[in-house]
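Protein chains in written order, with this note's numbering: chain V, 1 to 337; chain U, 338 to 674.
There are 2 protein chains.
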Amino acid sequence: FDRTAAEAARRRQDQLTKPRGSLGRLEELAIRLAGLQGKPMPAADPVQILLFAADHGVAAESVSVFPQSVTNQMVHNIARGGAAVSVLAAALGARLEIIDLGMVTDPGPIEGVRSERLGPGSGNIAREPAMTSEQQAGAMNAGRAAVERAIDGGARLLIGGEMGIANTTPAAALACALLDLPPADLVGPGTGLDAAGIAHKTEVVATALALHATPGSTPMELLGRLGGFEIAALTGAYLTAAQRGLPVLVDGFIVGAAALAAVRIQPDVRDWLLFAHSSAEPGHRAILEALNADPLLQLGMCLGEASGAAMAVPLLRLACALHQNMATFAEAGVSEG
Amino acid sequence: FDRTAAEAARRRQDQLTKPRGSLGRLEELAIRLAGLQGKPMPAADPVQILLFAADHGVAAESVSVFPQSVTNQMVHNIARGGAAVSVLAAALGARLEIIDLGMVTDPGPIEGVRSERLGPGSGNIAREPAMTSEQQAGAMNAGRAAVERAIDGGARLLIGGEMGIANTTPAAALACALLDLPPADLVGPGTGLDAAGIAHKTEVVATALALHATPGSTPMELLGRLGGFEIAALTGAYLTAAQRGLPVLVDGFIVGAAALAAVRIQPDVRDWLLFAHSSAEPGHRAILEALNADPLLQLGMCLGEASGAAMAVPLLRLACALHQNMATFAEAGVSEG
Numbered sequence: 001f002d003r004t005a006a007e008a009a010r011r012r013q014d015q016l017t018k019p020r021g022s023l024g025r026l027e028e029l030a031i032r033l034a035g036l037q038g039k040p041m042p043a044a045d046p047v048q049i050l051l052f053a054a055d056h057g058v059a060a061e062s063v064s065v066f067p068q069s070v071t072n073q074m075v076h077n078i079a080r081g082g083a084a085v086s087v088l089a090a091a092l093g094a095r096l097e098i099i100d101l102g103m104v105t106d107p108g109p110i111e112g113v114r115s116e117r118l119g120p121g122s123g124n125i126a127r128e129p130a131m132t133s134e135q136q137a138g139a140m141n142a143g144r145a146a147v148e149r150a151i152d153g154g155a156r157l158l159i160g161g162e163m164g165i166a167n168t169t170p171a172a173a174l175a176c177a178l179l180d181l182p183p184a185d186l187v188g189p190g191t192g193l194d195a196a197g198i199a200h201k202t203e204v205v206a207t208a209l210a211l212h213a214t215p216g217s218t219p220m221e222l223l224g225r226l227g228g229f230e231i232a233a234l235t236g237a238y239l240t241a242a243q244r245g246l247p248v249l250v251d252g253f254i255v256g257a258a259a260l261a262a263v264r265i266q267p268d269v270r271d272w273l274l275f276a277h278s279s280a281e282p283g284h285r286a287i288l289e290a291l292n293a294d295p296l297l298q299l300g301m302c303l304g305e306a307s308g309a310a311m312a313v314p315l316l317r318l319a320c321a322l323h324q325n326m327a328t329f330a331e332a333g334v335s336e337g
Numbered sequence: 338f339d340r341t342a343a344e345a346a347r348r349r350q351d352q353l354t355k356p357r358g359s360l361g362r363l364e365e366l367a368i369r370l371a372g373l374q375g376k377p378m379p380a381a382d383p384v385q386i387l388l389f390a391a392d393h394g395v396a397a398e399s400v401s402v403f404p405q406s407v408t409n410q411m412v413h414n415i416a417r418g419g420a421a422v423s424v425l426a427a428a429l430g431a432r433l434e435i436i437d438l439g440m441v442t443d444p445g446p447i448e449g450v451r452s453e454r455l456g457p458g459s460g461n462i463a464r465e466p467a468m469t470s471e472q473q474a475g476a477m478n479a480g481r482a483a484v485e486r487a488i489d490g491g492a493r494l495l496i497g498g499e500m501g502i503a504n505t506t507p508a509a510a511l512a513c514a515l516l517d518l519p520p521a522d523l524v525g526p527g528t529g530l531d532a533a534g535i536a537h538k539t540e541v542v543a544t545a546l547a548l549h550a551t552p553g554s555t556p557m558e559l560l561g562r563l564g565g566f567e568i569a570a571l572t573g574a575y576l577t578a579a580q581r582g583l584p585v586l587v588d589g590f591i592v593g594a595a596a597l598a599a600v601r602i603q604p605d606v607r608d609w610l611l612f613a614h615s616s617a618e619p620g621h622r623a624i625l626e627a628l629n630a631d632p633l634l635q636l637g638m639c640l641g642e643a644s645g646a647a648m649a650v651p652l653l654r655l656a657c658a659l660h661q662n663m664a665t666f667a668e669a670g671v672s673e674g
């Protein structure tokens, strides 16, 4: 974090033709981005969205209203431009890279999708670890490599997203373990469970925690036992983004669990995270509180696919445009208060 | 409001490739815009911003930290592209029309500003009515005519904004009178008053209310006695927008007071108002509650100039893009839950 650039940005904000502080969080955003990017005139573009997809063995425990085949179907839909993240990326002019880390069935080559399969989905966390240490290293490396590609391509802002039927279950289990909270605090409806479904999912998470969240486990161990390929890839991506100085706009519940893991592995990661939105998934609140995060948007979204983060991109862009293009009191010949 | 179009939009939302309701308020926005525009595929563009400027006699009571000359200076700054609203309109590709309804000194012709002067600013509401009935009619007609021009130009979404040093004072007074609330509930720091300044401003508003908010006064009378030229123009603009079926994205505190007056004059206006943001000006809350409004953004802004409304434009655009461009379950071959 470049305090000199941030301080220069703050001084500039105080000279722009507006009452001091009247742009609220837009001023904070411009100043924070200036510090993160080391430039008094920060930029939100280019924006790189990384969309990691994988299947989850815990889907066998009937924790989702959608069948597991939907992961594969949605990866095709995202690649063809029909999913929410595809529409948002196109509308925003953001780059979108889709990475398949292992769905239950190998779909073969899909145009616009990188295949980096680590296996036929992760293990069923109610019975076994989500992944081997080799798979975990592979997933985290896939995240790291994707961020390196983004940086090589000139990205100034990173967004991670996910697609994987049943993945609110490992996300809730991982967050419970990292935060030492009971399953009832983190488990929610996901894509649409009713009360009975949520009660069952809560039991599944409790079983997984009893099996894997043994005293003294490290965040890295919990990520491998309770996470998923796409969650571990996101954690790896955020560790790398922070190390390489690339600001991250964090999506909702599942990505939030991955971000939490990254911060528990390396606390300095927190500085690089901007939180886009509060998910309607109720467990998101506990993750946000643990990360001392105050998201920019509250739109009642809970779709995943980086959609909530994408919605906040215009706020960052406009914050940068105001910072760069507004006249100062001196330039405009306007009297100060 | 076209219930058939709204219902068609709702059915489409339920067929798009996402869990039902997972786009939260973006789904509501698309459905509501569909009903307001009478089209199952609504659009947010073109966006027309109308920026009304005027001076206020009550500035003589020392209710603002900025000198009155700043209204004139800021109108020049807005026209030259250096103000927040200018930067936002350019970044968003929104149309911006600036209308001078009467500053204390006639600035003569300004490139990019329509001169529709009604006098050298409004009267000092602590001593006299803000305007004559002729001036009030002129201001409301200026708002009406501006909306007619916007509609003739093809606008699909209207944003009103204001510039006028001291205008949080008439806005607070007008809202107090319309809501029958004490000045302390509506008076705030505006552009930066300290506690002593707020206490003094509260007394000025109390004086104005004692003079003008006589029992049995109509909303139209209160607008003329306590408002300002730009506030009355905004009220006229919103009455016309509703009558002509043009959705309005409402800015913050001052515009909110004008919108409240429009709704009290003609309750059906409420249907046409979408609320963009919660202002940091504390009195905004009472106006929003009275209008049963739940704004899209909470960014701690309090700049005026339509800046808060402009920030919400991307949300409406992206809501429309998702509605129009996402694939349905059938189109994408995705299984429903």
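Ideal Cβ placement from N, Cα and C applies to all residues, glycine included.
Source: prediction; values computed, not measured.
is_contact[residue i, chain V] using C-beta, thresh 8 Å
| i | result |
| --- | --- |
| Gln635(U) | yes |
| Lys355(U) | yes |
| Ser359(U) | yes |
| Val424(U) | yes |
| Lys615(U) | What sits at residue 615(U) in the sequence shown is Ser, not Lys. Judged by the 8 Å Cβ criterion, Ser615(U) is not in contact with chain V. |
| Thr577(U) | no |
| Leu640(U) | yes |
| Gly582(U) | no |
| Gln473(U) | no |
| Gln410(U) | yes |
| Ala658(U) | yes |
| Leu652(U) | yes |
Neighbour flag for residue i against chain U, beta carbons, 8 Å
| i | result |
| --- | --- |
| Ala332(V) | yes |
| Arg25(V) | yes |
| Ala83(V) | yes |
| Asn292(V) | no |
| Gly337(V) | yes |
| Thr168(V) | no |
| Gly344(V) | Residue 344(V) is absent from the structure shown; chain V starts at 1 and stops at 337. |
| Leu318(V) | yes |
| Val96(V) | The sequence given here places Leu at residue 96(V); Val does not occur at that position. Not an interface residue. |
| Pro295(V) | no |
| Ala173(V) | no |
| Met311(V) | yes |
Simplified DSSP state of residue i, which is helix, strand or coil
| i | result |
| --- | --- |
| Gln473(U) | helix |
| Thr665(U) | strand |
| Asp382(U) | coil |
| Ser289(U) | Outside the shown range of chain U (338 to 674) lies residue 289(U), about which nothing can therefore be said. |
| Glu162(V) | strand |
| Ser279(V) | coil |
| Leu16(V) | strand |
| Leu239(V) | helix |
| Ser122(V) | strand |
| Val104(V) | coil |
| Val248(V) | strand |
| Leu157(V) | strand |
| Asp180(V) | coil |
| Met718(U) | The requested residue 718(U) is not part of the displayed model; chain U covers only 338 to 674. |
| Phe229(V) | helix |
| Asn409(U) | helix |
| Phe66(V) | coil |
| Asn629(U) | coil |
For residue i: DSSP bridge partner residues
| i | result |
| --- | --- |
| Ile99(V) | Phe52(V) and Arg114(V) |
| Leu634(U) | His614(U) |
Chain-ordered chain B contacts of residue i [CB-CB under 7 Å]
| i | result |
| --- | --- |
| Asn77(V) | In the structure shown, chain B cannot be found, because the protein chains are V and U. |
Open item on the list: Within 8 Å, do at least three Cβ pairs link the segment 517-524 of chain U to the segment 603-623 of chain U?
Closed with: yes
- [ ] Could you say if the segment 104-121 of chain V and the segment 197-212 of chain V meet the contact criterion of at least three C-beta pairs nearer than 8 Å?
- [x] no
Task: Residues in the segment 384-408 of chain U having any Cβ partner in chain V nearer than 7 Å - done: Val402, Phe403, Pro404, Ser406 and Val407
- [ ] Say whether the segment 500-510 of chain U touches the segment 588-596 of chain U, bearing in mind that this needs 3 or more beta-carbon pairs closer than 8 Å, one atom from each stretch.
- [x] yes
TODO: Could you tell me whether the segment 628-642 of chain U touches the segment 19-26 of chain V, using the rule of 3 or more Cβ pairs below 8 Å?
DONE: yes
- [ ] Report yes or no: do three or more beta-carbon pairs, one from the segment 221-237 of chain V and one from the segment 133-147 of chain V, lie closer than 8 Å?
- [x] yes
Open item on the list: Is it the case that the segment 55-73 of chain V contacts the segment 117-133 of chain V, given that we only count it when at least three CB pairs across the two stretches are under 8 Å?
Closed with: yes
Task: Stretch-stretch touch, CB-based, cutoff 8 Å, three pairs: the segment 39-46 of chain V with the segment 149-157 of chain V - done: yes
- [ ] State whether the segment 382-393 of chain U contacts the segment 416-435 of chain U, with contact taken as three or more CB pairs (one from each stretch) at a distance under 8 Å.
- [x] yes
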